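K.L.:
Below is one structure. I have some questions about it.
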Amino acid sequence: MLKVDPRRPELEPILEAAEVIRRGGLVAFPTETVYGLGANGLNPEAVAAIFRAKGRPADNPLILHVADREAVSELAAALPSAARVLMDRFWPGPLTLGLPRRPGVPDVVTAGLPSVGVRMPAHPVALALIRASGVPIAAPSANVSGRPSPTRAGDVLEDLEGRIDLVLDGGETGVGLESTFLDLTTDPPVLCRPGGVTPTDICALIGPIQIDPAIYVNLEEHEHPRSPGQKYTHYAPRADVIVVDGPLEDVQAKINSLAYEYMEEGRRVGVMATAESRGAYQVPVVLEVGSRKNLPMIASALFSTLRAFDRHGVEVILAESLPEEGIGLAVMNRLRKAAGGRIIRVGAESGRERRA
Ligand code: TXA
Ligand code: MG
1 MLKVDPRRPE
11 LEPILEAAEV
21 IRRGGLVAFP
31 TETVYGLGAN
41 GLNPEAVAAI
51 FRAKGRPADN
61 PLILHVADRE
71 AVSELAAALP
81 SAARVLMDRF
91 WPGPLTLGLP
101 RRPGVPDVVT
111 AGLPSVGVRM
121 PAHPVALALI
131 RASGVPIAAP
141 SANVSGRPSP
151 TRAGDVLEDL
161 EGRIDLVLDG
171 GETGVGLEST
181 FLDLTTDPPV
191 LCRPGGVTPT
201 DICALIGPIQ
211 IDPAIYVNLE
221 EHEHPRSPGQ
231 KYTHYAPRAD
241 VIVVDGPLED
251 VQAKINSLAY
261 EYMEEGRRVG
271 VMATAESRGA
281 YQVPVVLEVG
291 SRKNLPMIAS
301 ALFSTLRAFD
311 RHGVEVILAE
321 SLPEEGIGLA
331 VMNRLRKAAG
341 GRIIRVGAES
351 GRERRA
């Protein structure tokens with residue numbers, strides 16, 4: 001693990017990390033979203049090593065990270081005008097674009113899809129590493145497949161120590177959730193994964209887009225989302241996650257009654273609360289993820305809070321649902337996947353729960 005200044009990365013650790021990338025090794029590095037696990041994106045063996053280290057299914061493609069727009073033309077066969085507009089506005093930043101791939105992009109990167117995901121990250125360490133390596137860097141989030149994405153170097157080690165060559169420790173990431181993924185190879189474009197750049201931001205520039213329904217639900221094994229990553233139970237701590245959705249007072253009451261039932265069974269229960277409700281729970285472990293008035297803060301704390309429950313030895317996490325405005329759409333997408341579809345609705349809209 002090498003420490004690096006997140007604002008003005010020192011040359012030495014960057015050159016050492018770039019050397020590992022060029023040799024075909026694996027380097028975890030900070031981006032403004034989450035830590036990535038990087039390898040030379042043009043070297044199929046190096047990319048295959050990413051899949052092994054994470055235990056990632058081979059049908060789940062990787063994003064290629066570039067340090068400038070010129071590099072995109074070597075990876076994408078065409079650049080739709082919407083891509084140019086979005087790049088002007090949101091790059092560098094948390095927006096990945098699905099573009100028609102060039103034949104030179106290895107199959108292992110795209111999992112055989114005709115499109116390739118490309119993103120220019122905004123983090124100085126990520127940009128310096130890509131530049132020094134001189135190649136596009138393939139990088140999924142630097143967690144074991146299925147676990148919450150890492151937002152600090154310690155999270156990376158918790159999952160991948162001994163399986164990768166180097167971690168660049170640039171402190172905590174900013175956004176805290178992975179980039180927005182927009183597939184531009186179809187008309188209208190499809191939002192495959194929500195993130196820091198919201199549908200409203202995108203539509204304001206390029207007009208209507210479609211939202212992949214997989215964002216809202218957990219699909220069955222045989223169903224095919226546009227983005228293979230949306231298929232799996234994902235972002236999940238070791239504990240079972242149950243999300244309770246509805247008016248806040250009903251949610252609090254339901255969480256307390258569920259907590260009581262689980263504790264009766266002898267299970268260790270934790271509640272993921274918000275600043276507005278933390279006092280409402282009679283449960284041993286209550287962790288606050290942030291204020292409902294500040295959804296970006298909740299986004300940045302979500303994954304580290306889920307990991308913290310594991311460190312408390314919690315077996316069942318009961319989580320309040322959150323408003324889906326702005327980045328809240330991305331927060332709830334991750335929470336639903338972490339819960340593997342275990343969502344309980346309470347309050348006026350839920351007749352069954354009301355009778356119960
Ligand atoms: O913020 C991020 O995007 C982070 C940092 C490291 O850049 N990376 C990241 O990568 O989250 P990963 O591999 O954990 O998630 C990539 C997602 C997966 O859900 C994958 O299925 C989808 O993007 N994806 C990649 N290429 C795709 C493609 N050509 N078409 C559709 N979905 C794609
Ligand atoms: Mg991931």
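Just so we're aligned, residue 1 is where the sequence shown starts under our numbering, counting upward by one. For glycine and all other residues, C-beta sits at the position ideal for the given N, C-alpha and C. Owing to the predicted nature of the structure, the values given are computational and were not obtained by experimental measurement.
#1: Apply the 10 Å Cβ neighbour rule to residue 11 and answer buried if 16 or more other Cβ atoms are within range, or exposed otherwise.
#2: Please classify residue 320 as buried or exposed, where buried requires at least 16 other C-beta atoms within 10 Å of its C-beta.
#3: Where do the N-terminal and C-terminal ends of the alpha helix (DSSP H) with residue 87 fall, by residue?
#4: Take residue 295 and list the residues in its own chain whose beta-carbon comes closer than 8 Å to its own, dropping the five residues that flank it on each side.
#5: Between residue 106 and residue 44, how many whole angstroms is the CB-CB distance? I'm expecting something under 8 Å.
#6: Does the distance from the CB of residue 345 to the CB of residue 246 come in under 7 Å?
#7: What are the uninterrupted segments assigned as alpha helix (DSSP H) that are 4 or more residues long and contained completely in the stretch 106-171, given in chain order?
#8: Is it true that the CB of residue 316 sits closer than 7 Å to the CB of residue 262?
#9: Would you mind sorting residue 103 into buried or exposed? The rule is 16 or more other CB atoms within 10 Å of its CB.
#10: Measure the Cβ-Cβ separation of residue 301 and residue 285 and say whether it is below 7 Å.
#11: For residue 90, which of 190, 197, 16 has the nearest alpha-carbon?
#12: Going by beta-carbon coordinates alone, are residue 292 and residue 274 separated by less than 7 Å?
#13: Taking only runs that begin and end inside the stretch 184-236, name each unbroken beta strand (DSSP E) of 3 or more residues, in chain order.
#14: Throw me the rounded Cβ distance for the residue 2 and residue 13 pair, which I believe falls under 8 Å.
#15: Under the criterion of a Cβ to heavy atom distance below 6 Å, does residue 194 qualify as lining ligand 2?
#16: May I ask you to report which of helix, strand or coil DSSP gives residue 353?
#17: Quick one: residues in its chain with C-beta nearer than 7 Å to the C-beta of residue 205, no 5 flanking neighbours on either side, listed in chain order?
#18: Sorted by chain position, which residues of the same chain lie with C-beta nearer than 6 Å to residue 127's C-beta, five sequence neighbours on each side aside?
#19: For the alpha helix (DSSP H) that contains residue 14, what are its first and last residues?
#20: Tell whether a beta-carbon distance below 7 Å holds between residue 115 and residue 101.
#21: Would you give the residue range spanned by the beta strand (DSSP E) that residue 43 belongs to?
#22: Could you tell me how far apart the beta carbons of residue 367 and residue 160 are, in whole angstroms, since I believe they sit closer than 8 Å?
#23: Since residue 3 sits in a beta bridge, which residues does DSSP pair it with?
#24: Ordered along the chain, which non-local residues of its own chain (more than five positions away) have a Cβ less than 8 Å from that of residue 131?
#25: Suppose you measure from the CA of residue 123 to the CA of residue 270; what does that come to, to the nearest Å?
#26: Once you ignore the five residues that flank residue 277 on each side, which residues in its own chain have a CB closer than 7 Å to its CB?
#27: Could you check what DSSP says for residue 331 in three-state terms: helix, strand or coil?
#28: Quick test of your reading: residue 242 and residue 339, contact by CB under 8 Å. State the CB separation rounded to the nearest angstrom.
#29: Can you give the Cα-Cα distance for residue 259 and residue 186, rounded to whole angstroms?
#30: Only counting the same chain, and skipping five residues up and downstream in sequence, which positions put a Cβ closer than 7 Å to that of residue 149?
#31: Which one or two residues does DSSP pair with residue 177 in a beta bridge?
P.N.:
According to the structure data:
#1: exposed
#2: buried
#3: 81-90
#4: 322, 323, 325, 326, 327, 328, 331
#5: 4 Å
#6: yes
#7: 107-110, 124-133, 153-160
#8: yes
#9: exposed
#10: no
#11: 197
#12: yes
#13: 190-193
#14: 4 Å
#15: no
#16: Here residue 353 scores only 46 on pLDDT, less than 50, and its place in the model should not be relied on; the value that follows carries that caveat. It is helical.
#17: 85, 86, 89
#18: 67
#19: 11-22
#20: yes
#21: Unbroken run through residue 43: none, as it is neither H nor E.
#22: The first residue shown for the chain is 1 and the last is 356, placing residue 367 beyond what the model contains.
#23: 169
#24: 67
#25: 33 Å
#26: 248, 252, 320
#27: helix
#28: 6 Å
#29: 45 Å
#30: 34, 141, 143, 178, 235, 303
#31: Bridge partners of residue 177: none, in fact.
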